[in-house]
Amino acid sequence: MMETPDLMPRIGFGGSCLLPHGAEWRNSMSSPKTAFAPAERVDAETISRDHHLIMQSALLDHLARTIPCILMVLNQERQVVYYNRRLLALRDESGDEAILGRRPGEIFGCIHARAAAGGCGTTEYCKVCGATTTVLLSQVKEETVEDECTICTHHGAVYEFRVWASPYQCHDQSFTVVTFLDIRDEKRREALERTFFHDINDILNVLIGYTGLLEEIDLLEDLEDAEAFLEAIQTTAWRLHEEIEAQRRLLEAERGELVLRLSPIDPNTLLYEVKALFSQAAEFREREIVLDTHAEGGEIESDPVLLRRILANMVKNALEATSPEDQIEISCHGDRHSVRFQVHNPGYIPRSVQLQIFRRSFSTKGKGRGVGTYSMKLLGERYLKGKVWFTSTKGEGTTFYLSLPRQIPATGPSTGDAQKEE
């Protein structure tokens, strides 16, 4: 997301908000406190008057009907006063009464729009929202601004848009024309090309290395080494299979088509397997992984491929965030109702990064990455019915947590028909 250094001094915090250049509140209603953008709104009568004003523009109406993306016209308070019909395809509700006067995040169902009394744009998370900052920057700079945004909804859907905001004058009144282009397919393709293919290539390089070593030894004289190499090749080939399967199932999860494959899992054994996976990886050999297991109560019932994928992402993120001289700690604790896995590293995540950590396309590792933490949240909560969260402080470092029930509750609309494997 773009940096907004010149925007921040113009927008106050804690309920005291400065206006964009030349703006003034018209018939403003009482204003709740805000952590970012102004919370003030105008009343329904003003919204209706602005709507009819915009409707008089034949050119804008023609463009709204023909452009292949969602279009909204916002007033200075970021409330919708006009929209095109493409917006209705994303909503269960229809009609002006469900859209006019509301802000974009409220219309899309953003989870943060409900988190504060001021609604869309007024939470701490809105500071890193490409949609909100694009509109505010356009209002302040009085020019077209472009950015990207990811919106997670309270229904579990994830929207990814490229957003353009442009100033628009109509009968001496200032508005902002905002267009949203759906780029979810583009982002999935980037993730596949950069993340999945990168991981597959790493595993193939290990496989090629072992087969090369196997060619260099005398199978009859070095039987013990040959058996060790063959076992390593078999383990690596299985990793390759699991990586492909995990990616396929992640795509199914995003489409809402994933069917769980449940089987008994020993939490302690699973963590040993995950530790062994990274202990063998050349890029992490200098980092120490400390394992501490206290998962009492025996096995849990879950999907082993999905669970292993989540834990592997937790461990990999921790390893990538540490220096060679540092160590990470992985552990599990349990009782008769649940099991909690946790992965700790001594690093600190800056607050601006914390606010975006579970967004689908966000990554500190470059463009096209950033599926790991998102998939942890999607798979761990929506499908395995657990909870994923983290804590990060400068003094104590960063810990990611995954809490799971010992048995997944009855099938819900987001999990599909789970299959039990004997």
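According to this note's numbering, the residues represented by the sequence shown are 5 to 426, in order. Ideal placement from N, C-alpha and C gives every residue a C-beta, glycine not left out. Only a predicted model underlies this, so the values are computations on that prediction, with no experimental measurement involved.
Can you find the residues in the same chain that come closer than 8 Å, C-beta to C-beta, to residue i, ignoring five residues on each side of it along the sequence?
i, result
"H298", "S335, C336, H337, G338"
"L94", "I74, F112, Y163"
"I58", "L64, V77, V85, Y86, C174, F179"
"I221", "D229, A230, F233"
"L359", "E128, Y129, K131, V132"
"A39", "F17, G18, A120, T126, T127, E128, C130, K131"
"E385", "K391, V392"
"E258", "V162, R192, L382"
"L432", "Because residue 432 is not part of the residues shown, which for the chain are 5 to 426, the question remains open."
Assuming residue i contacts residue j under a Cβ cut-off of 8 Å, what Cβ separation, rounded to an integer in Å, is found between them?
i, j, result
"Y214", "A236", "5 Å"
"E178", "S142", "At residue 178 the sequence reads Ser, which differs from the Glu that was named. Incorrect: roughly 11 Å between the Cβ atoms, too far for contact."
"Y405", "Q346", "5 Å"
"V278", "V319", "6 Å"
"S327", "L408", "Their Cβ separation, rounded to whole angstroms, is 31 Å, which puts S327 and L408 out of contact at 8 Å."
"A41", "L140", "6 Å"
Suppose the cutoff is 6 Å on Cβ atoms and the five residues either side in sequence are ignored; what does the same chain contact list for residue i look like?
i, result
"P413", "K389"
"C114", "I155"
"E152", "G134, R166"
"F288", "F282, L323"
"N88", "A68, L75"
"E150", "W168"
"M380", "I314, N317, V392"
"Y172", "F179, V181"
"N31", "Because the pLDDT at N31 is just 48, under 50, the model does not fix this residue reliably, and the value given afterwards should be weighed accordingly. Closer than 6 Å at the Cβ level, and outside the excluded window around N31, lie V46, D47, T50."
"A325", "N349, G351"
"T138", "V149, D151, V167, A169"
"E146", "P171"
"Q60", "none"
Residue i: which of the options sits nearest, CA to CA?
i, options, result
"G401", "M380, L383, H348, E385", "H348"
"T397", "E303, F362, I353", "I353"
"T127", "Q331, M380, A117", "A117"
"T183", "D206, L91, L254", "L91"
"R253", "Y405, P308, P409", "P308"
"T50", "F345, E81, F40", "E81"
"T136", "R107, E147, T148", "R107"
"H202", "A316, I103, E247, G160", "E247"
"S52", "D100, G109, P42, A41", "D100"
"G43", "G123, D296, E303", "For clarity, residue 43 is Ala in the given sequence; the question names Gly instead. The candidate whose alpha carbon is nearest that of A43 is G123."
"Q411", "G351, E329, D270", "D270"
"G109", "G399, H158, G260, S356", "H158"
"I187", "P72, Q60, G399, F394", "P72"
"N321", "G399, L218, T403", "T403"
"E290", "N272, D296, L311, Q331", "Q331"
Leaving out the 5 sequence neighbours to the left and right, which residues in its chain are closer than 7 Å to residue i when beta-carbon positions are compared?
i, result
"T419", "Here the model assigns T419 a pLDDT of 48, short of 50, so the residue's position is not dependable and the matter cannot be decided."
"A241", "L211"
"A250", "V309, R313"
"N79", "V46, D54, V85, F179"
"E256", "L262"
"Q83", "R45, V46, I51, G105, R106, R107"
"R355", "none"
In angstroms, rounded to a whole number, what distance separates the CA positions of residue i and residue j?
i, j, result
"V294", "R340", "25 Å"
"G216", "N209", "10 Å"
"K37", "V46", "16 Å"
"R313", "I204", "14 Å"
"L274", "D189", "33 Å"
"E333", "T239", "24 Å"
"L383", "R192", "16 Å"
"E292", "F200", "25 Å"
"T377", "D176", "47 Å"
"F362", "A62", "42 Å"
"E303", "P268", "6 Å"
"G160", "G260", "10 Å"
"L244", "D226", "27 Å"
"V144", "F394", "35 Å"
"G26", "T70", "Any reading at G26 must be qualified, since the residue scores a pLDDT of 42, below 50, and its modelled position is unreliable; the value itself is stated next. Each residue's alpha carbon lies about 32 Å from the other."
"V357", "L185", "25 Å"
"H56", "H66", "15 Å"
"E329", "E219", "34 Å"
"A280", "G399", "29 Å"
"I207", "A102", "50 Å"
Every unbroken alpha helix (DSSP H) inside the region 162 to 197 [4 residues or more]: 188 to 195
Entirely enclosed alpha helix (DSSP H) segments - the region 38 to 92, minimum 4 residues: 48 to 59, 62 to 70
Segments of 4+ residues assigned as alpha helix (DSSP H) that fall wholly inside the region 319 to 406: 355 to 358, 376 to 381
Whole runs of the beta strand (DSSP E) within the region 205 to 290, excluding any shorter than 3 residues: 265 to 269
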